[in-house]
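K.L.:
Going down the list, the sequences are from chains A and B. Here the first sequence is numbered in numbering that gives the first Met the number 0, starting from 0 and rising by one per residue. Here the second sequence is numbered in numbering that gives the first Met the number 0, starting from 0 and rising by one per residue. Backbone N, C-alpha and C define an ideal beta-carbon position, used for all residues, glycine too.
Protein chains: 2
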Amino acid sequence: MNSEFTIAVHSLVLLAYKPDHMATSEEIARNVCTHPARVRKVMSSLRKSGYVEAKEGTGGGFMLSSRPEEVTLADLYMETSYGSIKPTWCSGDDSQECMVAGNMAAVMGAVFSEAEAHLIDYLRQITVSGMLERVRAAQAEKR
Amino acid sequence: MNSEFTIAVHSLVLLAYKPDHMATSEEIARNVCTHPARVRKVMSSLRKSGYVEAKEGTGGGFMLSSRPEEVTLADLYMETSYGSIKPTWCSGDDSQECMVAGNMAAVMGAVFSEAEAHLIDYLRQITVSGMLERVRAAQAEKR
DNA sequence: GTAACTGTAATTACTATAATAACAGTAAGC
DNA sequence: GCTTACTGTTATTATAGTAATTACAGTTAC
Numbered sequence: 000m001n002s003e004f005t006i007a008v009h010s011l012v013l014l015a016y017k018p019d020h021m022a023t024s025e026e027i028a029r030n031v032c033t034h035p036a037r038v039r040k041v042m043s044s045l046r047k048s049g050y051v052e053a054k055e056g057t058g059g060g061f062m063l064s065s066r067p068e069e070v071t072l073a074d075l076y077m078e079t080s081y082g083s084i085k086p087t088w089c090s091g092d093d094s095q096e097c098m099v100a101g102n103m104a105a106v107m108g109a110v111f112s113e114a115e116a117h118l119i120d121y122l123r124q125i126t127v128s129g130m131l132e133r134v135r136a137a138q139a140e141k142r
Numbered sequence: 000m001n002s003e004f005t006i007a008v009h010s011l012v013l014l015a016y017k018p019d020h021m022a023t024s025e026e027i028a029r030n031v032c033t034h035p036a037r038v039r040k041v042m043s044s045l046r047k048s049g050y051v052e053a054k055e056g057t058g059g060g061f062m063l064s065s066r067p068e069e070v071t072l073a074d075l076y077m078e079t080s081y082g083s084i085k086p087t088w089c090s091g092d093d094s095q096e097c098m099v100a101g102n103m104a105a106v107m108g109a110v111f112s113e114a115e116a117h118l119i120d121y122l123r124q125i126t127v128s129g130m131l132e133r134v135r136a137a138q139a140e141k142r
């Protein structure tokens, strides 16, 4: 799985955590431990689907434009990584006469597709604010 | 996800399909469309957990040593790809003072871990012989 | 008009994956 | 016992996917 999903989740949780719900790509990148350009790429995609707003120019940055209790990890997965649990490498060869070789790619494709549907169902149960609560709980555990 | 899982599934389905439940690594590799050495590596691992037997020397090869109705895709996933849905890249940094940065890696780790548990539950419902039936059904669809 | 931002594309570096080659070990059949 | 046909395993190389970096055009605040 592509790590843009992780970056999207982390970024939104950070925005939800900050009192003004706002941060620049540089600030987010430092928190996430990646490059600002990568954060802008991911956030730019989330902006197009309305989860955040971007403000250009001095004093600009990204801000939440959705309620953290309503955005689920399934939403973010769909946006950043849909289709990524299926490996690119594919078994079999449709041109072979053997029934197994000729149909395995399609059958495995269906298996991965249904597996992803289950994954999305699970991710739908977790919201951005839920993630923030988990972070708080993890922090409390540390003591 | 690593494609060794796909190779394992395809190989066992092929063995279940063949009347004598036996094939050499070269024969399997041709069917799966990969290199015989790769097949041997995957099968060698399945041998250690008892799903297949290997016979060295002339006339040798791999043969099923388990009942196709009893081996599930979860078994094969565990053997070949356990842990692979979590990306290697990891967000955050435990040494940062920010609560979000300091705990995100652990929280995301737990999310991926539970997601994998759900995936395994789903794969447990699908057996090798079930896969063979799906292949037959896909073949019938082609007409 | 300058400084501080985002948007986006292009390039480079790195890492994971898959293919290939090589050879030791083993069993069958002559 | 020698040859042939296999597996077992490791090392090397090629390819592809992922992430970092650079660069610069566009936008807004002051």
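(1) First and last residue of the beta strand (DSSP E) that includes residue 54/A?
(2) Taking all protein chains shown into account, do 16 or more other C-beta atoms lie within 10 angstroms of the C-beta of residue 120/A, making it buried, or fewer, making it exposed?
(3) Ignoring anything shorter than 4 residues or poking outside the segment 46-104 of chain B, list the alpha helix (DSSP H) runs there in chain order.
(4) Quick one: residues in its chain with C-beta nearer than 7 Å to the C-beta of residue 107/B, no 5 flanking neighbours on either side, listed in chain order?
(5) Looking at C-alpha atoms only, which residue of 1/A, 75/A, 112/A and 16/A is the closest neighbour of residue 125/A?
(6) Which two residues bound the contiguous alpha helix (DSSP H) that contains residue 133/A?
(7) Quick one, which residues of the segment 11-33 of chain A are near chain B if we go by CB-CB under 7 Å, in chain order?
(8) How is the alpha helix (DSSP H) around residue 9/B delimited, first residue to last?
(9) Three or more C-beta pairs closer than 8 Å, one from the segment 17-34 of chain B and one from the segment 121-141 of chain A: is that the case here?
(10) Relative to the C-alpha of residue 37/A, which residue among 67/A, 49/A, 58/A and 1/A is closest?
(11) In this structure, how does DSSP classify residue 107/A when only helix, strand and coil are distinguished?
(12) Roughly how many whole angstroms lie between the Cα atoms of residue 35/B and residue 60/B?
(13) Quick check: residue 20/B and residue 63/B, are their CB atoms within less than 7 Å of each other?
(14) Spatial neighbours of residue 70/A within its chain, please: CB distance less than 7 Å, with the 5 preceding and 5 following residues excluded, ordered by chain position.
(15) Is residue 0/A helix, strand or coil by DSSP?
(16) Would you check if the distance between the CB atom of residue 79/B and the CB atom of residue 3/B is smaller than 7 Å?
(17) As a quick exercise: from 46/B, 135/B and 8/B, pick the residue whose alpha carbon is nearest that of residue 102/A.
(18) Would residue 81/B pass as an interface residue toward chain A - the criterion being a Cβ-Cβ separation below 7 Å?
(19) Quick one: give me the first and last residue of the alpha helix (DSSP H) that residue 123/B is part of.
(20) From the DSSP output, which residues share a beta bridge with residue 21/B?
(21) Starting from the Cα of residue 87/B, find the closest Cα among 29/B, 116/B, 111/B and 93/B and give me that residue.
(22) Express the C-alpha separation of residue 122/A and residue 99/A in angstroms, rounding to a whole number.
(23) Give the secondary structure of residue 117/B by DSSP, where H, G and I count as helix, E and B as strand, and everything else as coil.
P.N.:
Taking the structure as given:
(1) 51-54
(2) exposed
(3) 72-80
(4) 90
(5) 75/A
(6) 127-141
(7) 12, 13, 16, 30, 31 and 32
(8) 3-16
(9) no
(10) 1/A
(11) helix
(12) 11 Å
(13) yes
(14) 11, 50, 126 and 127
(15) coil
(16) yes
(17) 135/B
(18) no
(19) Counting along the chain, residue 123/B falls outside any alpha helix (DSSP H), and DSSP gives it neither H nor E.
(20) 62/B
(21) 111/B
(22) 34 Å
(23) helix
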